[in-house]
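Below is one structure, written out as structure tokens; comments come after it.
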């Protein structure tokens with residue numbers, strides 16, 4: 168009898184493997200929701216995405232995060248290039264992340280927009296985790312914007328997609 172229980176348990180384990188646990192992107196995104204302070208790893212990833220989008224270089228994934236991203240894509244959108252870095256089973260502050268989105272111009276300029284897009288079904292969790300953080304970060308960022316460029320950060324919903332964004336265009 169005990170042997171059959173173990174056999175059934177073993178079979179169930181094979182038939183229903185444990186779901187892969189989502190991995191946190193928190194170390195990579197540390198500071199992004201605090202007035203757009205970028206970790207070194209995120210800054211390197213984003214800088215390399217510009218070169219990748221402009222066909223001037225390759226995308227440099229931070230060590231330890233390679234398996235957390237799917238294949239990147241670049242598509243022209245009006246006068247911009249949209250770089251999409253899809254996230255595979257990653258979270259930020261416990262909220263499932265869909266992708267990191269980057270908008271740049273085809274030629275180097277002062278236009279810089281980055282966003283972390285959350286899974287659409289995580290709207291309420293994203294809002295709870297990031298709305299107040301975004302309001303505080305916007306006040307802090309506005310105080311740092313001595314040139315009056317109108318830098319913007321915070322939680323937003325654009326075209327139904329919840330996101331945390333940083334626009335540091337000059």
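In my numbering, the protein residues as written are 168 to 337.
In this text, a Cβ means the ideal position worked out from N, Cα and C, and glycines have one as well.
Would a C-beta distance cut-off of 8 Å place residue 308 and residue 210 closer than the cut-off?
no
Do you know offhand how far residue 310's Cα is from residue 328's?
28 Å
According to the neighbour-count rule (16 or more other Cβ atoms, all chains shown, within 10 Å of its Cβ), is residue 335 buried or exposed?
buried
Please name the residue, chosen from 249, 222 and 268, that lies closest to residue 241 on a Cα-to-Cα basis.
249
Identity of the residues DSSP links to residue 248 by a beta bridge
243 and 271
C-alpha gap between residue 297 and residue 195, whole angstroms:
16 Å
Under a three-way DSSP split, which group does residue 294 fall into?
helix
Taking buried to mean at least 16 other C-beta atoms within 10 Å of its own C-beta, is residue 274 buried or exposed?
exposed
Would you list the residues sitting across from residue 204 in a DSSP beta bridge?
In the DSSP output, where bridge partners are listed per residue, residue 204 has none listed.
Pop quiz: residue 264 and residue 199 are said to be a contact at Cβ under 8 Å. What is the actual Cβ separation, rounded to whole angstroms?
Not a contact, Cβ separation roughly 11 Å.
Out of 244, 243, 235 and 245, which has the shortest C-alpha to C-alpha gap to residue 256?
235
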